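To start, the structure itself, in structure tokens.
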Amino acid sequence: MSDDVHAAMVEIYCKELKMPGLRRAYAALAREAGVHSHSPIQYLAACLAEEMESRKASRLQAYTQQARFPAHKTLQEFDFSAVPTVQKQRVMHLAGGDFIRAKENVICMGASGTGKTHIGIAIGLSAIAAGYRVRFITVMQLIQELLQAESEYRLPRYLRTWDKYDLVCLDELGYVSLTQGGALLFQFCAERYERGSLLITTNLEFARWTDVFQDATLTTALLDRLTHHSHILLFEGESYRFRESQRRAVAQQ
Numbered sequence: 001m002s003d004d005v006h007a008a009m010v011e012i013y014c015k016e017l018k019m020p021g022l023r024r025a026y027a028a029l030a031r032e033a034g035v036h037s038h039s040p041i042q043y044l045a046a047c048l049a050e051e052m053e054s055r056k057a058s059r060l061q062a063y064t065q066q067a068r069f070p071a072h073k074t075l076q077e078f079d080f081s082a083v084p085t086v087q088k089q090r091v092m093h094l095a096g097g098d099f100i101r102a103k104e105n106v107i108c109m110g111a112s113g114t115g116k117t118h119i120g121i122a123i124g125l126s127a128i129a130a131g132y133r134v135r136f137i138t139v140m141q142l143i144q145e146l147l148q149a150e151s152e153y154r155l156p157r158y159l160r161t162w163d164k165y166d167l168v169c170l171d172e173l174g175y176v177s178l179t180q181g182g183a184l185l186f187q188f189c190a191e192r193y194e195r196g197s198l199l200i201t202t203n204l205e206f207a208r209w210t211d212v213f214q215d216a217t218l219t220t221a222l223l224d225r226l227t228h229h230s231h232i233l234l235f236e237g238e239s240y241r242f243r244e245s246q247r248r249a250v251a252q253q
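Numbered according to full-length UniProt numbering, the sequence shown spans residues 1 to 253.
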């Protein structure tokens, strides 16, 4: 059979086997193998490496879209000197994902505008790059979805949809008192206890969490679970967001 026939067969095989990376690269790699006198096994290894990289890139894109981050934030962009209570080395270690493998939690605690959400997103993106599935959601949005699921008698099924995520980032705990949904949020967090990791950003110290949940017993039980295996980052100082906006304004002048 001619090379054209073989090429058509490879195209068909790649489609059937769902190997788009190999389909795009096999011809160029074959030419390169001919030029450099690569052995058949070297050519095969190059083809498989191309397919593996293609799948990795596709997975990274899909996981990033599924995470639903409100913005793209990286650790390289964060000015750690503006928040001296947050140690860069410690955050970089967390970004490595060991806490996710151990089913541990991260709690980012501090005043509004101090960079908690930035760090949360950055750690989440680093986790995705390491192959973990991540989901970002505000506490209020989660409460609304929990209440709706409960009203439609599908709460257990809704809770199970979160099992696929290795890390769930809960943003803005404490900004609104939970007159409704506090017990549901507790149930959500309890479901993930030692089964999956949480990263929570909050503007309240632990002693004030009762103000949010309106139930001291519930709050104590929640804190017991969250802090059992947790890393706590304290964000203290003036507003990081305000400083960054000032820096950009000066740079544009």
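All C-beta atoms, glycine included, are put in the ideal place defined by N, C-alpha and C.
Please read these numbers as outputs of a predicted model, since none were measured by experiment.
For GLU104, the CB contacts under 7 Å within the same chain, skipping 5 residues up- and downstream, are SER197, HIS229, SER230, HIS231 in chain order.
The residues HIS118, ILE121, ALA122, in chain order, have a CB closer than 7 Å to that of LYS73 in the same chain once the five nearest residues on each side in sequence are set aside.
Nearest to GLY96 by C-alpha distance, out of GLY124, PHE69, ALA82, GLY115, is GLY124.
For the options PRO84, VAL134, CYS189, the alpha carbon positioned closest to that of ARG68 is the one of VAL134. Each residue's CA atom was taken as its position, placing MET52 and ALA7 some 21 Å apart. The Cβ neighbour count for TYR165, taken over all protein chains shown within 10 Å, is at least 16; the residue is labelled buried. Taking 9 Å as the cut-off, the Cβ atoms of GLU172 and THR138 count as close.
In terms of Cα proximity to ASP224, the closest of ALA207, ALA57, LEU233 is ALA207. In the three-state DSSP reduction, ASP166 falls in the coil class, being neither helix nor strand. The C-alpha of PHE213 lies about 13 Å from the C-alpha of THR202.
Counting other Cβ atoms within 10 Å of its Cβ, GLY110 reaches 16 or more and is therefore classed as buried.
ILE12 has its alpha-carbon roughly 46 Å from the corresponding atom of TYR153. For secondary structure counted as the alpha helix (DSSP H) over 4 or more consecutive residues, the region 193-240 holds these complete runs in sequence order: 209-213, 216-228.
Secondary-structure assignment with DSSP links CYS108 through a beta bridge to THR201, LEU233. Taking a C-beta distance under 9 Å as the contact criterion, ASP211 and GLY174 qualify as a contact pair. PHE136 has CYS169 as its beta-bridge partners, per DSSP.
Here SER54 has PRO20, GLY21 as same chain residues with Cβ atoms under 7 Å from its own Cβ, once five neighbours each way along the sequence are excluded. In this model, LEU146 and ALA49 are separated by some 43 Å (Cα to Cα). The criterion of a C-beta distance shorter than 9 Å is satisfied by PRO84 and GLU236. Around the Cβ of ARG59, a 10 Å sphere holds fewer than 16 other Cβ atoms; the residue is exposed. For the set ALA28, ALA127, LEU222, the Cα lying nearest the Cα of LEU94 is the one of ALA127. Put simply, of GLN66, THR219, ILE200 the residue whose alpha carbon is nearest the alpha carbon of LEU234 is ILE200.
By the neighbour-count criterion, in which 16 or more other beta carbons inside 10 Å mark a residue as buried, ALA25 falls on the buried side.
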